[in-house]
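Inspection log for the structure reproduced underneath, given as structure tokens.
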Amino acid sequence: MHWTDVMAERLAQQGQEHIIATGITPSGEFHIGHLREILTGDMITRAANKAGLKAELVFVVDNADPLRKVYPFLDESYREFIGQQLGAIPAPDSEGKPDWIRFEQEGWTYGDHFLTPFLDALKQIGVEPRLIPNLEAYRSGMFADATKRCCDDIETVKEIIERVSSRELPEGWFPWQPLNSKKSLDGVTVTGYDYPLVHWKDEHGEHGSSNIIKGEGKLPWRLDWPAKWGHNGVTCEPFGKDHGASGGSYDTGKELSVFMGHAPPLPLTYEWISLRGQGAMSSSTGNTVGPIEALELVPPQILRFLIANSKPNKAIEFDTGMGLVNLADEYERLCSRDFETELDDESKSRRQRVQIEDAQAALRLSMISEEDSNEATAVSFRHLALLAQIKDDDEAVWESLRGSGAIESPTSLLRDRLARMRAWIKSSHFPEDMRIQIMTEPNQDAIERLEKHQRDLLPVLLACFEDAPWDVSGITAAIKSVAEQAEAPMKDVYRTCYAVFMGAERGPRLAPILCNCDQEVICQLISRCVSMS
RNA sequence: GGGCCUGUAGCUCAGUCAGGUAGAGCGUCGGACUUUUAAUCCGAUGGUCGCGGGUUCGAACCCCGUCAGGCCCGCCA
1390 MHWTDVMAER LAQQGQEHII ATGITPSGEF HIGHLREILT GDMITRAANK
1440 AGLKAELVFV VDNADPLRKV YPFLDESYRE FIGQQLGAIP APDSEGKPDW
1490 IRFEQEGWTY GDHFLTPFLD ALKQIGVEPR LIPNLEAYRS GMFADATKRC
1540 CDDIETVKEI IERVSSRELP EGWFPWQPLN SKKSLDGVTV TGYDYPLVHW
1590 KDEHGEHGSS NIIKGEGKLP WRLDWPAKWG HNGVTCEPFG KDHGASGGSY
1640 DTGKELSVFM GHAPPLPLTY EWISLRGQGA MSSSTGNTVG PIEALELVPP
1690 QILRFLIANS KPNKAIEFDT GMGLVNLADE YERLCSRDFE TELDDESKSR
1740 RQRVQIEDAQ AALRLSMISE EDSNEATAVS FRHLALLAQI KDDDEAVWES
1790 LRGSGAIESP TSLLRDRLAR MRAWIKSSHF PEDMRIQIMT EPNQDAIERL
1840 EKHQRDLLPV LLACFEDAPW DVSGITAAIK SVAEQAEAPM KDVYRTCYAV
1890 FMGAERGPRL APILCNCDQE VICQLISRCV SMS
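Residues in the first sequence are numbered from 1390 upward in steps of one, following my numbering.
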């Protein structure tokens, strides 16, 4: 059974209506790691709805969280904002400096700045959750009840956190962090409590009172999370393995949730996504591939497929090179399979059936909208990558595909895919193995691997190429005339050609590539191979 | 110190929750297609299931131990 269906089954045991929650702090550039959080939630939601439940995906934007430090992409002037809430400070401009003008005129905040492009990407990927900006929830008093309960019984709250997480809370710990005189959550000491006011003094020597109902502060993380479960009615939430560790915030949240008066959500811990060969993704080191960037390279279905096809507890290594080609081709192959017929085959073992069913489920979850069909494009990524490099003009690509009978006319799906393919080829992510390159130096190994009678074709090849009109048909004719003059099979001629031009045994159609090269340079290459043989 | 996850074919992984002959895809190798879109089709190859014990008629799967890698227990998904 697919992992999403397992979750749906568990949810069904608990009730009919579900809120599946995801939450991310917009502290920096979003990356595909964040995509796992939201897609995991989205896929559970889909599976639950398919199982006849009523499920909704929500995305809690943790813009009440404070700025932790001056990240490398920020100007030093952000130092004054440390400790202040992400939804209440200006966004960085192109130089990383606070954009006061947009902040004051449009209310454009730090959180908005990072969230908005991510939401655009999500839309393309087919995820449109209900947004719950956390700062606004605080300000509208949504956290008041839970907060009151905690402040009224600090000892119980403390006991739960200290026992479950086995860490000691500092002296003077209070279940509400007030904003100080500089709107910061740091360096504040609570001096008294008189609901709804929490009295404080800060490190600047100022005194004041924080109104819980108006959200003049926030709950510490370990309380904030279970409180959100309560007022958002969350019944299921996937989260990263950092929260899932024993004694971690889910463990304390579970008990605190009951203390606050509601059942904790069904958890699902997922593993991190790392960049192949570069370790974990991190916004602060700049070691990221953003969802936007990823979408420029591959269609959104492939990104969904990556998540759908990996069990949550499996770490994913995102590979923007050959790995992506293989992933995309695997997706393409699955699209063209006929699962129904395969499942009708009685001789299939239980395991084989499970594999087929899981592949089917993963494919269905890869669709952008549930009404889509997974039409196969009949063109592999590998093949398209090749054509896109050989032919600068889109029309020529379609012409070639028509000629080989792969398509009759390009679908919008294919047009879209070609556009992304061209972006990929231009980017630094495109794998060198896929890049078509004509030799600049003779490849001695390849020449030596040729049979003698194949090497003997080299002088003939040189003669024919020197006289050839330098266009596609001229070069094609020249290759053909080599075979005629030498009375050799075409197979040998091609072998020789690929050895000379690409240092390989086989390769893509040569004429369209060679006509983009300089005739004299090509002939010199052949001539050097001749003298070598 | 406590805990979590992972370890199965060259690679990526299913299969572990409900024990019943070790599976897929990729790769590799071979063949076919007689001017080759790195294509496509067909066939073959491939594993002491990290290691040791236990339970069982029977263990990749359950139990105990152990090794290796990754991670968490300080608000980074």
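The C-beta atom is built at its ideal place from N, Cα and C for all residues, glycine as well. Bear in mind the structure is a predicted one, so any value in this text is a computation, not a measurement.
Here the alpha carbons of G1412 and A1533 stand approximately 20 Å from one another. In the displayed model, R1425 falls within a helix according to three-state DSSP. Separation of H1772 and Q1826 (C-alpha to C-alpha, rounded to the nearest whole angstrom) is 16 Å. Residue pairing by DSSP puts A1444 in a beta bridge opposite H1407. Contact between the region 1598-1608 and the region 1520-1532 is established, with three or more Cβ pairs separated by less than 8 Å.
Taking all protein chains shown into account, H1596 has fewer than 16 neighbouring C-beta atoms within 10 Å of its C-beta and is therefore exposed. For F1854, the closest of A1867, V1861 and E1660 by C-alpha to C-alpha distance is A1867. Counting along the chain, the unbroken alpha helix (DSSP H) around V1546 starts and ends at I1543 to S1554. Within the region 1822-1866, the complete alpha helix (DSSP H) segments of 4 residues or longer fall at 1833-1838, 1841-1844 and 1847-1856, listed in chain order. Of the other Cβ atoms in all chains shown, fewer than 16 fall within 10 Å of the Cβ of V1647; this residue is therefore exposed. Segment contact: the region 1410-1427 against the region 1444-1456, three or more CB-CB distances shorter than 8 Å; contact assigned. Selection R1611, C1625 and A1616 evaluated against D1631 yields R1611 as nearest (Cα-Cα).
Shown here, C1539 sits in a helix according to DSSP, grouped into three states. Taken through DSSP and simplified to helix, strand or coil, G1597 comes out as strand. Note that the C-beta distance between V1587 and W1562 is not below 8 Å.
For the options S1922, L1428 and E1760, the alpha carbon positioned closest to that of E1840 is the one of S1922. Straight across, the Cα-Cα distance linking Q1402 with W1489 is about 51 Å. Within the same chain, and ignoring the five residues on either side of P1901 in sequence, the residues whose Cβ sits closer than 8 Å to its Cβ are I1779, K1780 and V1861. The region 1433-1447 and the region 1721-1735 do not touch, with fewer than 3 CB-CB distances between them shorter than 8 Å. Listed in chain order, the alpha helix (DSSP H) runs fully inside the region 1710-1796 are 1711-1724, 1728-1733, 1739-1754, 1770-1779 and 1783-1792, counting runs of at least 4 residues. Shown here for I1550: same chain residues with a beta carbon closer than 7 Å to its own, the five before and five after excluded, namely L1558, R1611 and T1641 in chain order. Segment contact: the region 1422-1431 against the region 1460-1480, fewer than three CB-CB distances shorter than 8 Å; contact not assigned. Residue pairing by DSSP places Y1582 opposite V1587 in a beta bridge.
Note that the C-beta distance between E1626 and P1654 is below 8 Å. Here the alpha carbons of V1910 and R1884 stand approximately 20 Å from one another.
Residue pairing of V1449 in beta bridges, as defined by DSSP: G1412 and I1521. Annotation for L1899: no alpha helix (DSSP H) segment contains it, and DSSP assigns it neither H nor E. Rounded to whole angstroms, the gap between the alpha carbons of L1511 and S1755 is 13 Å.
Uninterrupted alpha helix (DSSP H) stretches at least 4 residues long and entirely within the region 1869-1898 occur at 1879-1891, given in chain order.
In this chain, the beta strand (DSSP E) harbouring I1705 covers I1705 to F1707. Around P1878, the same chain offers A1872 as residues with beta carbons nearer than 8 Å, after the five sequence neighbours per side are excluded. By the beta-carbon neighbour count (other beta carbons within 10 angstroms, threshold 16), M1432 is buried. Within a 10 Å sphere around the beta-carbon of E1418 sit 16 or more other beta-carbons, which makes this residue buried. By the C-beta criterion, the region 1738-1745 is judged not to be in contact with the region 1788-1797, since fewer than 3 inter-stretch pairs fall below 8 Å. Note that the region 1656-1664 touches the region 1692-1706; at least 3 beta-carbon pairs, one per stretch, sit closer than 8 Å. The three-state secondary structure of V1577, taken from DSSP, is strand.
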